Structure formats: structure tokens, C-alpha cells
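Numbering-wise, my numbering puts 75 at position 83 of the sequence shown, and it's gapless, one number per residue.
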Amino acid sequence: MRRITIIITFMTICVAKPQFTDRQVAMMIPKYFARDHHSPPITRTRIYGENGKKVFHLEIKVNRNRFEGEMDYTVAAMASICQYAKRPFDKFVVIMHPDGRNMEPEMLEAKARCSIDHFVNKRMEYNRWLKKCTTLTKI
């Protein structure tokens, strides 16, 4: 009986996902972006509460030629890292500052669980994620 308990405990430890604090999540994002030379530059990282919801906020500089790809990369990075948070996030906010002077910044708000389902678990099509889980506004 004791061996079974030890085996079950060992298997639980091996299978369990690591869980990170908000500070650890915020520190991992720049490292995640640094490993890919096509990633957009990060200008600000914040984690805060808003109306009882946990929000992960990133501000990036975007190239007008790769605008949509950089937005997708950023949300995918947030989803990849935030799936391991001790307390799950409710919303991702990405502020995109374009490099062109005549372009306005845009804000993407995405539901975190929905984004993790699309980018990490591959349970949702891109167009459905874009339609059901995101809001894009000019600021």
C-alpha cells in the first residue's frame, strides 16, 4: 500500500504543470520575445486587476508591414506563458504603437481562456477566435 502511495505521489509531481507568480510571468515575457528576432519590441508590461478581473497588459511597437503577425505573435506569447500562472488571467490587452507617424495606436482586448484554447490547445479556428474572443479599437 505504501508503494502505491509513493508511486501516485511521484506521478502527480511529474505530470503537474509548473505554476508561476505574476512577477515571474512578467519577467518571462521579455525573455520569450528576445529568443525570436522577428518579435516586436516591448515598451511596457503590466499585470493589474480591473473590475475583479486579472489583466495582462503589453505595449509593443509594430511595423506596419507585419502588423497582424506581430499582434498574433504577442497574444500567442501571452497565452503560452500565462497558461502556467498560479491564478489564471481573465483578459489580455495589447496596445500596438505603429512606427508610422500617420497611423494611430490600436488596442486589442482578448479573453485569456479563449486565447489559450486557440494558440496553445489548438481547439479553435483563428477566425472564430478573432470574432468571438477579441475586440480591436483605435485609441
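Ideal Cβ positions, reconstructed from N, Cα and C, are used throughout, including at glycine. This structure is a prediction, so every number in the text was calculated from the model and none was measured.
At which residues does the beta strand (DSSP E) containing residue i begin and terminate?
i: Arg36; result: 34 to 42
i: Lys53; result: 45 to 54
i: His30; result: Run containing His30: none; DSSP gives neither H nor E here.
i: Met88; result: 83 to 90
What is the residue span of the alpha helix (DSSP H) that residue i lies within?
i: Ala26; result: 14 to 26
i: Ile108; result: 104 to 111
i: Glu60; result: 59 to 74
Straight-line CA distance for residue i to residue j?
i: Met116; j: His110; result: 5 Å
i: Asp14; j: Ala77; result: 7 Å
i: Gly61; j: Lys83; result: 20 Å
i: Asn119; j: Phe12; result: 30 Å
Looking only at its chain, what residues have a beta carbon closer than 6 Å to the beta carbon of residue i, apart from the 5 residues adjacent to it on each side?
i: Thr129; result: Met99
Counting only the same chain and skipping the five closest in sequence on each side, list residues whose C-beta sits under 7 Å from that of residue i.
i: Lys53; result: Pro32, Pro33, Thr35, His89, Asp91
With DSSP as the reference, identify every bridge partner of residue i, one or two as the case may be.
i: Thr127; result: Glu101
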